[in-house]
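Residue numbers (our numbering), protein chains in the order written: chain A, 1 to 447; chain G, 1001 to 1447. The beta-carbon is built from N, C-alpha and C at its ideal position, and this holds for glycine as well.
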Ligand SMILES: [K+]
Ligand SMILES: [K+]
């Protein structure tokens, strides 16, 4: 019986990955439901404990209760561990232990890892995982240290260390959780260049994905980047700059957002809010005060999201790039879809369409269901639905007021968004004898 | 000089088509600006005359002034002629005159027709055009006659004939214009089965496109339908039924829409409002009173639209079908995209993506611009922007209150929506030595 179940799981890495996620979420919910996780005098409903656990494990950051003022230090650590597991990848964590115990990593485990990191190349996975952990911990350590130094100006050293670690880890993992209370996120630091720049760098590093990070580190030796890395970096920077310019334009005179700030602060805030929808979720200004056009821009940036195999969500930068060049190829009457002088094979283009349409369908369905369950503006439900699916965590204020039905909808959106269409499909699909990654041979990663 | 200009036009049918459209719109605007087009004591601004002319020529039906109470009988006839030219196709009309004059139709003219009807088969175009005119006039005549008979119960015979012709032509051409005044559209006939059923049939016939109509007429002889016709008919009926069920579900208890109606009337209204977003634009209930989820459903139906080579807009039923089967193929790990046991060639799939993404981009851009120029809810601007681009004409009430900038945005959306991405691209593109229709060899029409 046990052996049968083991065989059933081993036969499908996506299924094991999905069930592993579910297990971690449930453990997280139970821990967060315990009184020890809460500040004195607080109590939490099961649905809210589940919502918080899903939001942390799926590194989203949407919150139904205020993290800073509602949970105890123990609760914060539970959230941070869930973020770390969900962000750096719980499969990577599992292998970390395996490596520490000098156990040989089995083919099955490597297949699971492959799914988790969205990597097509089976060889070198193990080496990659070791590096993933190294890079993630190094960046988190550096980020936490720098945040700690900065926070020491505002609070006692112990608290600064605690805040430094929490926000360093949370921001690198694109988790969107913060401890500053009252749903204010980082708004105290709107005029602080150090916090702004550090946050942006951590968001970018977390969102590029470990494959790109590894590629960047090896650049000194190889003097070349893979197509995948080039595309991920180009799209990331392009959207970052264009987004910041448009936000600056739309919000320059908005008295509730950028209006009262000096020119330099305006630029910092525009840069941060161009980056945070992809898919960090921290803010220094009130998202609900942004103009409608800006909120719509954020929805689009959230939907595009970050790069594959990263701590964030969305349809991914490479998917976006492939779609754009496919459209250009048709307009030019060309047979082949060409991206940075590489032909993209048909299968990859189809996969890009599939990811995009499927994601669009989920967001549309979520938005429509929230329209029915919540009494809120359309922009409000569209924004929250996209934020959940792309695991961003930005909110116009709807989430804390959600009905239970609404909470369940967002829980499903976050879960589906973090796992992605292919993992989900192969996890529940009756037949998966010919999973897509077996056909794959290209150099670029979609979804 | 004249010869050069003629050569320049002849070298690009899309360019000729686009400029022809512009010319007709300008003539229409000038005619509608004349005092003879207006009811006594009324005057119209140039921007409003232009808007009305574009709306009529692009068979949209969005109105900045109330058609029934603002324009004179002459003005109504101007609108109706523009609708007829824009709907049945001004190129087809041109050939109609050519045929009447027994002039030989040149290759150039046939190429223009080919573009206009989105037909890939150059041969048989002439025969098709003759049929197009026959079918269109026959259906319009039948529709007008039936409407006249019905309206004779409510008004004097002369007026009933006038109303019968106007609404028969307007509804078959998916134009969305009506004469009932006060922006009420057909709301007097909400409980009238005859008007509801007749309208739905005319909308469907107009929206299937002439290719499908011809195919249906020949069915008695051939006993088979082309893949294109099968797909167009299936998607049309499927969306019609599913849309009606969802509308019934969402609006059943809404006291401002279906709530007060009897069961049969509820069903009629649900059916009509499932069909009218694709892309007729007539209504019997107030669109702005619909629940948010229903309005969102209408936005989706409007975006999908009708079939290629018809009187309506949107990304088209066949495009939608190809995208769906492409996604299914990827999920199943299949190499080929299969639709009703026919493989769809890669080029067609890419064209479907292109049409969809381009349309999406235009609607998103329009929505964002309207968000800036208009002080209105997000659903309001999204709805109006989609309605304009898909040449539907449904409105939540924003259009009559538009700023001049907003009117210009909708004018551009209607124009781009009616011409479609490929005609537009080849009309303005510097190089079009390898236009797409030269490569085409498939059996299904996209866009
Ligand atoms: K996040
Ligand atoms: K219309």
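Using a Cβ cut-off of 8 Å (strictly closer), state whether residue i contacts chain A.
{"i": "residue 1256 of chain G", "result": "no"}
{"i": "residue 1252 of chain G", "result": "no"}
{"i": "residue 1238 of chain G", "result": "no"}
{"i": "residue 1354 of chain G", "result": "yes"}
{"i": "residue 1327 of chain G", "result": "yes"}
{"i": "residue 1368 of chain G", "result": "yes"}
{"i": "residue 1358 of chain G", "result": "yes"}
{"i": "residue 1330 of chain G", "result": "yes"}
{"i": "residue 1372 of chain G", "result": "yes"}
{"i": "residue 1015 of chain G", "result": "no"}
{"i": "residue 1323 of chain G", "result": "yes"}
{"i": "residue 1320 of chain G", "result": "no"}
{"i": "residue 1266 of chain G", "result": "no"}
{"i": "residue 1351 of chain G", "result": "yes"}
Would you call the CB atoms of residue i and residue j closer than 8 Å?
{"i": "residue 298 of chain A", "j": "residue 394 of chain A", "result": "yes"}
{"i": "residue 1070 of chain G", "j": "residue 1038 of chain G", "result": "yes"}
{"i": "residue 239 of chain A", "j": "residue 304 of chain A", "result": "yes"}
{"i": "residue 47 of chain A", "j": "residue 65 of chain A", "result": "no"}
{"i": "residue 1235 of chain G", "j": "residue 1321 of chain G", "result": "yes"}
{"i": "residue 145 of chain A", "j": "residue 164 of chain A", "result": "yes"}
{"i": "residue 1232 of chain G", "j": "residue 1274 of chain G", "result": "no"}
{"i": "residue 29 of chain A", "j": "residue 53 of chain A", "result": "yes"}
{"i": "residue 205 of chain A", "j": "residue 139 of chain A", "result": "yes"}
{"i": "residue 354 of chain A", "j": "residue 1337 of chain G", "result": "no"}
{"i": "residue 284 of chain A", "j": "residue 269 of chain A", "result": "yes"}
{"i": "residue 1063 of chain G", "j": "residue 1175 of chain G", "result": "no"}
{"i": "residue 415 of chain A", "j": "residue 309 of chain A", "result": "no"}
Counting only beta-carbon atoms, is residue i nearer than 8 Å to chain G?
{"i": "residue 103 of chain A", "result": "With a pLDDT of 42 at residue 103 of chain A, under the threshold of 50, the modelled position of that residue is not reliable, and the figure given next carries that caveat. Chain G contact via Cβ: absent."}
{"i": "residue 409 of chain A", "result": "no"}
{"i": "residue 364 of chain A", "result": "yes"}
{"i": "residue 18 of chain A", "result": "no"}
{"i": "residue 316 of chain A", "result": "no"}
{"i": "residue 399 of chain A", "result": "no"}
{"i": "residue 442 of chain A", "result": "Only weak support exists for where residue 442 of chain A lies, its pLDDT of 25 falling under 50; the coordinates are left without a value."}
{"i": "residue 472 of chain A", "result": "Shown here, chain A extends from 1 to 447; a query on residue 472 of chain A therefore has no answer."}
{"i": "residue 162 of chain A", "result": "no"}
{"i": "residue 151 of chain A", "result": "no"}
{"i": "residue 451 of chain A", "result": "No answer is possible for residue 451 of chain A: the residues shown for chain A start at 1 and end at 447."}
{"i": "residue 445 of chain A", "result": "Residue placement at residue 445 of chain A cannot be trusted, given a pLDDT of 47 that sits under 50; what the coordinates show is reported in the next sentence. Not an interface residue."}
In terms of residue numbering, what span does the beta strand (DSSP E) encompassing residue i cover?
{"i": "residue 343 of chain A", "result": "342-344"}
{"i": "residue 339 of chain A", "result": "337-339"}
Locate the alpha helix (DSSP H) running through residue i, then write down its first and last residues.
{"i": "residue 237 of chain A", "result": "227-251"}
{"i": "residue 277 of chain A", "result": "That residue, residue 277 of chain A, is in no alpha helix (DSSP H); it is neither H nor E in DSSP."}
{"i": "residue 159 of chain A", "result": "157-172"}
{"i": "residue 1286 of chain G", "result": "That residue, residue 1286 of chain G, is in no alpha helix (DSSP H); it is neither H nor E in DSSP."}
{"i": "residue 215 of chain A", "result": "210-222"}
{"i": "residue 1190 of chain G", "result": "Here residue 1190 of chain G belongs to no alpha helix (DSSP H), and DSSP marks it neither H nor E."}
{"i": "residue 295 of chain A", "result": "292-304"}
{"i": "residue 317 of chain A", "result": "317-331"}
Within the present structure, is the beta-carbon of residue i separated from the nearest heavy atom of ligand 2 by less than 7 Å?
{"i": "residue 1060 of chain G", "result": "yes"}
{"i": "residue 1175 of chain G", "result": "yes"}
{"i": "residue 1391 of chain G", "result": "yes"}
{"i": "residue 1279 of chain G", "result": "yes"}
Could you tell me whether any non-hydrogen atom of ligand 1 is closer than 7 Å to the CB of residue i?
{"i": "residue 57 of chain A", "result": "no"}
What are the residues in the region 1183-1217 of chain G lying within 9 Å of chain A by C-beta distance? none
Given a limit of 8 Å on CB to CB distance, which residues of the region 1291-1314 of chain G reach chain A? Along the region 1291-1314 of chain G, going in chain order, the ones with a CB nearer than 8 Å to a CB of chain A are 1291, 1292, 1293, 1295, 1296, 1297, 1300.
Any residues in the region 335-348 of chain A with a beta carbon nearer than 9 Å to a beta carbon of chain G? Which ones, in chain order? 335, 337, 346, 347
Select from the region 1376-1390 of chain G all residues with a C-beta closer than 7 Å to any C-beta belonging to chain A, and list them in chain order. 1377, 1378, 1379
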